[in-house]
Amino acid sequence: GGFEVVFVMIRRPPRSTLFPYTALFRSAETEDLKRVDDLMAAASADAKHDGRFWRHQAWLHSMRGENQASRSALEKSVELNPYDWQSRHQLAIVFRRLRMADEAGRMASLAETGKLLTREILELPNASENTPALLGKLATYAARCGDMPVSNAIRQRIE
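Number 467 in this note's numbering belongs to position 148 of the sequence shown; there are no gaps in the numbering.
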């Protein structure tokens with residue numbers, strides 16, 4: 320029981336499926352800044368409600384050495400999806416660049432926890448084989464990400 324909460328934590332559905340994320344990922348992998356910039360500029364208003372848009376905007380700023388702009392974009396990404404460990408990882412890097420060691424450490428810890436939990440969830444044989452221990456970890460992670468309603472809902476399912 321409780322897998323529906325686990326699924327929400329792994330991946331919240333994007334509000335816009337029209338944004339060409341595949342093209343964006345490929346352009347970023349090849350460091351084609353012009354193509355990434357063009358794709359970001361062509362994004363619909365709906366794409367701006369998706370944390371992935373902001374994560375890629377932050378990457379573009381980072382590649383240009385614009386650390387404050389990257390920080391703002393990553394904070395928006397995390398606001399839209401607090402469970403996005405990749406955005407938290409990138410934010411930890413930006414905090415280090417900005418010499419914000421405490422924030423970098425906290426964000427890196429959250430990113431690592433999120434990455435490990437995602438892996439653990441994806442390795443489950445099936446949805447019904449989650450455990451109270453795993454749900455407890457998820458509740459703690461949700462609380463650390465600032466999502467007390469989800470944390471409390473998971474804890475209620477465990478009891």
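By construction, the Cβ of each residue, glycine as well, lies at the ideal position given by its N, Cα and C atoms.
query: What whole-angstrom Cβ distance do valine 397 and arginine 407 have, given they're in contact under 8 Å?
result: Residue mapping note: residue 397 aligns to position 78 of the sequence shown, counting from 1. Residue mapping note: residue 407 aligns to position 88 of the sequence shown, counting from 1. Going by Cβ atoms, the distance from valine 397 to arginine 407 rounds to 6 Å, so yes, they are a contact pair.
- prompt: In angstroms, rounded to a whole number, what distance separates the CA positions of aspartate 355 and isoleucine 412?
  reply: Taking the first residue of the sequence shown as position 1, residue 355 is located at position 36. Taking the first residue of the sequence shown as position 1, residue 412 is located at position 93. Reading the sequence as shown, one finds valine at residue 355 and not aspartate. Those two C-alpha atoms are separated by around 20 Å.
field: DSSP-derived helix/strand/coil call for glycine 465
entry: As a working mapping, residue 465 is identified with position 146 in the sequence shown. Looking at glycine 465 - three-state DSSP - the assignment turns out to be coil, as it is neither helix nor strand.
Proximity of leucine 453 and leucine 436 at Cβ, strictly below 9 Å: Your numbering for residue 453 matches position 134 in the sequence shown. Your numbering for residue 436 matches position 117 in the sequence shown. Yes, the pair counts as a contact, with Cβ atoms nearer than the cut-off.
Reduced DSSP category for glutamate 478 - H, G, I as helix; E, B as strand; rest coil: For the purposes of this step, residue 478 is taken as the residue at position 159 of the sequence shown. The answer is coil: DSSP assigns glutamate 478 none of H, G, I, E or B.
- prompt: Measuring CA to CA, which of Asn400, Asp421 and Ala427 is closest to glycine 370?
  reply: As a first step, residue 370 must be located in the sequence shown, where it is residue number 51. Out of Asn400, Asp421 and Ala427, Asn400 has the C-alpha closest to the C-alpha of glycine 370.
- request: Report yes if the C-beta distance between arginine 374 and aspartate 421 is below 9 Å; otherwise report no.
  value: The sequence position of residue 374 within the sequence shown is 55, counting from 1. The sequence position of residue 421 within the sequence shown is 102, counting from 1. For arginine 374 and aspartate 421, no; Cβs fall outside 9 Å.
message: Applying the 10 Å Cβ sphere with the 16-neighbour rule, what's the burial state of glutamate 323?
response: Along the sequence shown, read from residue 1 onward, the residue named residue 323 stands at position 4. Residue confidence is low: glutamate 323 scores 45 on pLDDT, short of 50, so the model does not pin down where it sits. Its coordinate-derived value is still stated next. Under this definition glutamate 323 is an exposed residue.
message: Once DSSP output is grouped into helix, strand and coil, what is the label at aspartate 471?
response: Here the question's residue 471 lines up with position 152 in the sequence shown. It is asparagine, not aspartate, that sits at residue 471 in the sequence shown. It is helical.
- prompt: Quick one: Cα of leucine 352 to Cα of leucine 429, how far?
  reply: What you label residue 352 is simply residue 33 of the sequence shown in a count that begins at 1. What you label residue 429 is simply residue 110 of the sequence shown in a count that begins at 1. Answer to the nearest angstrom: the Cα atoms are 29 Å apart.
Spatial distance of arginine 438 from glutamate 431 (CA atoms): Against the sequence shown, residue 438 aligns to sequence position 119. Against the sequence shown, residue 431 aligns to sequence position 112. Looking at the two C-alpha atoms, the distance is approximately 11 Å.
field: As assigned by DSSP and simplified to three states, the class of arginine 416
entry: Reading the sequence shown from its first residue, position 97 is the one you call residue 416. Correct three-state label for arginine 416: helix.
- prompt: alanine 360 to alanine 461, Cα distance in whole Å?
  reply: Looking up residue 360 in the sequence shown gives position 41. Looking up residue 461 in the sequence shown gives position 142. If I take the Cα positions, the gap works out to 33 Å.
- request: Can you tell me which of Ile477, Pro444, Arg425 and Arg476 puts its alpha carbon nearest to the alpha carbon of arginine 463?
  value: Reading the sequence shown from its first residue, position 144 is the one you call residue 463. Taking only the C-alpha atoms, the option nearest arginine 463 is Arg425.
- request: Apply the 10 Å Cβ neighbour rule to asparagine 471 and answer buried if 16 or more other Cβ atoms are within range, or exposed otherwise.
  value: Counted from its first residue, the sequence shown places residue 471 at position 152. By the neighbour-count rule (16 or more Cβ atoms within 10 Å), asparagine 471 is not buried but exposed.
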